[in-house]
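Asker: Can you read through this structure? Questions will come right after.
Protein chains: 2
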Amino acid sequence: MSEYRKVTTNTVEKLRKILKNDALLIYDDTESLKSYSNDESGGEYYAHMPDVVVKPETKEQISQIIKLANDEMIPITPRGAGSGLAGADIPIFGGIVISLERMNRIIEIDSENLVAVVEPGVVTNDLCRMVSEKGLYYAGYPMSVETSFIGGNVATNAGGSKVIKYGNTAHHILGLEVVMPNGEIVEYGGKRRKDSSGYNLLQLFIGSEGTLGIFTKIYVNLIPQPGKVVDLLVPFESVEKAISNVAPLMVETKSLPSGIEFIDKKSIYYASKYTGMKLPYQDEVESYLIVQYEATSLQEIEELYEKGGKALQKNGAKDVFIADNRSNSEKIWRMRRNWLESLKAVDPYVPTGDVVVPTSKIPEIMNYINEVSNEFKIDIPVAGHAADGNLHPAPLKPKNLPPDEWKTMSEEILEKIAMKASQMGGAISGEHGVGFIKKELLKKTKLKQYKWMQEVKEAFDPNNIMNPGKLF
Amino acid sequence: MSEYRKVTTNTVEKLRKILKNDALLIYDDTESLKSYSNDESGGEYYAHMPDVVVKPETKEQISQIIKLANDEMIPITPRGAGSGLAGADIPIFGGIVISLERMNRIIEIDSENLVAVVEPGVVTNDLCRMVSEKGLYYAGYPMSVETSFIGGNVATNAGGSKVIKYGNTAHHILGLEVVMPNGEIVEYGGKRRKDSSGYNLLQLFIGSEGTLGIFTKIYVNLIPQPGKVVDLLVPFESVEKAISNVAPLMVETKSLPSGIEFIDKKSIYYASKYTGMKLPYQDEVESYLIVQYEATSLQEIEELYEKGGKALQKNGAKDVFIADNRSNSEKIWRMRRNWLESLKAVDPYVPTGDVVVPTSKIPEIMNYINEVSNEFKIDIPVAGHAADGNLHPAPLKPKNLPPDEWKTMSEEILEKIAMKASQMGGAISGEHGVGFIKKELLKKTKLKQYKWMQEVKEAFDPNNIMNPGKLF
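Structure, rendered in structure tokens:
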């Protein structure tokens, strides 16, 4: 990558001219630049300093910046909220960070076509709130909904807990305006709900982690707000018993829950310490499912949770606790939502794995995680999304191990688990993306596909300007 | 395209060796070859004869055939059921037609992971029937479900009437095994429900109309069988009144119907003549909506159609007829399902347009279609999928016009309508694809995107062996 050039004061002057506002550029200010050097992927050891940070407000500015970067062979790293978990927004070759934080307008909520048009820097939760005021619903729901930007959700094809019913972010995106790696501005899709005219390049950008262009406008599909929510907390004596309930629960009740979350005993231990809460049967069971139903009427939701509860009890649940109001639901979800925070209280650099397996293979991968945990003598709590086989193993650093040794060891642990998941017909990332932390794993597990991905990258970005060192 | 070579008897010998069974090859038999020269896209004038037809039974055979075609520079045209409406399966440069008719096994219905694994030549309806026996449901539903192959549905990203609730074919495909344009066999996706590791090439193949490879295995998502269906037939005095109901119906009832079909007065006229049926208010109204609800319980479905019926009546429906049993539903659907057949009875070569617009723009495009109809003094009945703005205008040949003149005129008519749809934020194909009939339109309406599509095509198929002359 030695062909990249450094950002010079001359480059910075050109950037200033494009932005026309000094508040939109950070240069020569180590403290401010530092906040753009890292994300939520774990250790400080992943951080890299950018040469300059720009905060454009228009697509034309982004286009000009990208053209400049091509002319001067300077790498670009697009950045959303910095809540990424795979390092895709870390500027590993320095260069220019393009932060989308100022492109945060909700341009339109079109109730007639059930579409919202937004800029990439909108906090996903703000979008959810705004559309709900009109009786509408954005069905994408990454667990980071309160911090992450919709642009980042699209860039990683974020998943979350509601994928089994509604699909991941890709399912909710009808169109994207993209500044391409050569600076050209192209619109893919739009307010239309079908399009069989030519290749589906729209979907190629979703999950491309900033390596194929920068989104400047996003067309989001909306559905009617369901209105009613009920959560079931369901303890199980074994992981096998919990997972063997997932498919029958859906088939026997003929209904898709909006989510089936999974949390293991070790996770409950840490989350309980952190939140000061205790779940029923906490010391007796090996795992819990949290089953969530969404419906439009009281009648429908009652029918759903009654059928669901019966099916779960028939198939080996130790008990079924129903939370049909906000405060009881909040109790159930508090432990799950605070899962990562509770682990960070023990190990501030805790890395979060993100494997996916066919749902039926969850017990097998959980057994393997247990083996690895024993082999390395490391605690590995696991939580995740049972309905789609997406698990987050989170190895915890032993107190006395130096961070550098832990970096090597934790990467080895997560690599072993990810390779196993891939061998089971799964993948090394279900929703966090590859970034640079998992790029070797991507190559190893998708060897044949990798070559075709490279073909696309080379065709779209021959100078390798857009987020270099990520995925490839 | 002069660089393509002709199929020689030597090539045929090599093909015979690959197939090891003479019944799998058609050569030197004009009558048999002829059935592979055309599809459902309309006129005989679109037909082209293949040099040779092969019916491989394994992916390895397909791989070898494609390698041979690359070595000898012979074009390949993949073919499913031949029910395509844009000519994607017509061998316009002759060469080898690879018919997938013998690759028609349902390999597995995996109830635990809610996935079916099938070969491309499975009739979509057979898949639907097989999974329903296990209480499961394939939610893709092209109107051609009884004839089309699942492979063709994937190749065109087929839509149909249930897209508003369940999404188009792309939403139901979890994985594909693809023989690439160089003969390499690569698997994309699989039995996993999430995958954020690298570019989503899976989606690139869906809707690629045989230009990027041949699918040999398809992983299909299944959901629980809803079980209960109700149809509402809703007459409206004007198109505007009908369409202005679409979004409010969903938002006010907080529910997604599985489909909202649209059919205009002219279509009813022809369908009525063909079926001998009459719809209520047939001579008084301008259009009908057919609203379909699916649910899991009697209670739920009753609640849905009562709420839906009320909302429709409040918002200007002339009446609401409820069909809650199979025989009444069949009556409602018979006219819609026999729409194309009823037009073919008048004009055997009737071409079917396939434009899509933002739903709110349907009245505008319907007005425009009316203008064009007056300008050319041609009858243009329209039916389609109101909830996703996907309309099929079908211009009818005047009795005394010679077929060749009609070809030119009908293409001009459909081009005008398609261009208008594109200008309204729509597209020239919602679900039928581009094939070769609409390739000039694709270029005109997606000029910027077209270039990037070409980049992908050139990277994947540098010899332009796979279905040449389609899309590009």
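Residue numbers (UniProt numbering), protein chains in the order written: chain A, 1 to 472; chain B, 1 to 472. Note that CB positions come from ideal geometry on N, CA and C, so glycine has one too.
(1) At least one CB of chain B closer than 8 Å to the CB of S2 of chain A: is that the case?
(2) When the Cα atoms are used, what is the spatial distance from Y117 of chain A to A158 of chain A?
(3) Output the distance between the C-alpha atoms of N21 of chain A and R105 of chain A, rounded to the nearest integer angstrom.
(4) According to DSSP, is G190 of chain B part of a helix, a strand, or is it coil?
(5) Determine the DSSP secondary structure at E177 of chain B, reduced to helix, strand or coil.
(6) Quick one: what's got a C-beta closer than 6 Å to S2 of chain B's C-beta in the same chain, skipping five residues either side?
(7) Take the Cβ of D29 of chain A as the centre, count every other Cβ of all protein chains shown within 10 Å, and call the residue buried at 16 or more, exposed below.
(8) Since A427 of chain B sits in a beta bridge, which residues does DSSP pair it with?
(9) What does V141 of chain A pair with, by DSSP beta-bridge criteria?
(10) Leaving out five residues on either side along the sequence, give the residues of the same chain with a beta carbon under 7 Å from the beta carbon of I369 of chain B.
(11) Which runs of the alpha helix (DSSP H) at least 4 residues long sit entirely within the segment 94–159 of chain B? Give them in chain order.
(12) Using only the alpha-carbon positions, how far apart do N463 of chain A and F472 of chain B sit?
(13) Let me know the secondary structure DSSP gives M1 of chain B once reduced to three states.
(14) If you measure between the beta carbons of V54 of chain A and L25 of chain A, is that distance less than 8 Å?
(15) Suppose only complete runs of 3+ residues qualify. What are the beta strand (DSSP E) ranges in the segment 245–327 of chain A, listed by chain order?
(16) Please report the distance separating the alpha-carbon of G80 of chain B from that of N153 of chain B.
(17) How long is the line joining the alpha carbons of H48 of chain A and I96 of chain A, rounded to whole angstroms?
(18) Is it the case that the Cβ atoms of G213 of chain A and Q449 of chain B are separated by a distance below 8 Å?
(19) For L100 of chain B and chain A, any beta-carbon pair shorter than 8 Å?
(20) Quick one: does F460 of chain A have its CB under 8 Å from some CB of chain B?
(21) With H, G and I counted as helix, E and B as strand and the rest as coil, what does DSSP make of L401 of chain A?
(22) Cβ of I206 of chain A within 8 Å of Cβ of T147 of chain A?
(23) Short of 8 Å in beta carbon distance, which residues of its chain neighbour S161 of chain A, apart from the five on each side in sequence? Order them along the chain.
(24) Contact criterion: CB-CB distance below 8 Å. Does I18 of chain B meet it with respect to chain C?
(25) Can you find a CB in chain B that lies within less than 8 Å of the CB of N374 of chain A?
(26) Does the pairing of the segment 168–187 of chain A with the segment 122–140 of chain A give three or more beta-carbon distances under 8 Å?
(27) Does DSSP put H172 of chain B in a helix, in a strand, or in coil?
(28) When Cβ atoms are compared, which residues of the segment 371–400 of chain B fall closer than 9 Å to chain A?
(29) Take D404 of chain B and list the residues in its own chain whose beta-carbon comes closer than 8 Å to its own, dropping the five residues that flank it on each side.
(30) By the DSSP assignment, the beta strand (DSSP E) with D231 of chain A in it spans what residues?
(31) Could you check whether Y349 of chain B and G43 of chain B sit closer than 8 Å to each other, using their CB atoms as the reference points?
(32) Could you name the residues of chain B that H171 of chain A contacts, counting a contact when the two beta carbons are closer than 7 Å?
(33) First and last residue of the alpha helix (DSSP H) that includes P456 of chain B?
Answerer: The relevant details are as follows:
(1) Because S2 of chain A sits at a pLDDT of 48, beneath the cut-off of 50, its placement in the model cannot be relied upon, and the following sentence gives the value as read from the coordinates. No, S2 of chain A lies away from the interface with chain B (no Cβ there is under 8 Å from its Cβ).
(2) Checking the sequence shown, residue 117 of chain A turns out to be Val, not Tyr. Cα-Cα distance, rounded: 18 Å.
(3) 19 Å
(4) coil
(5) strand
(6) Confidence at S2 of chain B is low in this model, with a pLDDT of 48, below 50, so the placement of that residue is unreliable and no value is reported for it.
(7) exposed
(8) B:V356
(9) The question names Val, but residue 141 of chain A is Tyr in the sequence shown. A:G160, per the DSSP bridge assignment.
(10) I380, V382, P393 and I417
(11) 124–132 and 150–156
(12) 26 Å
(13) Because M1 of chain B carries a pLDDT of 45, less than 50, the predicted location of this residue cannot be relied on, and no value is offered for it.
(14) yes
(15) 259–264, 287–295 and 321–323
(16) 9 Å
(17) 12 Å
(18) no
(19) no
(20) yes
(21) coil
(22) no
(23) Y141, M143, S258, G259, E261, Q292 and H385
(24) The structure shown has no chain C; the protein chains it does contain are A and B.
(25) no
(26) yes
(27) helix
(28) H385, A387, D388, G389 and N390
(29) Y45
(30) K228 to F236
(31) yes
(32) G167 and H171
(33) In the sequence under discussion, the amino acid at residue 456 of chain B is Val, which differs from the Pro named in the question. Looking at the DSSP string, the run of the alpha helix (DSSP H) that includes V456 of chain B is L447 to F460.
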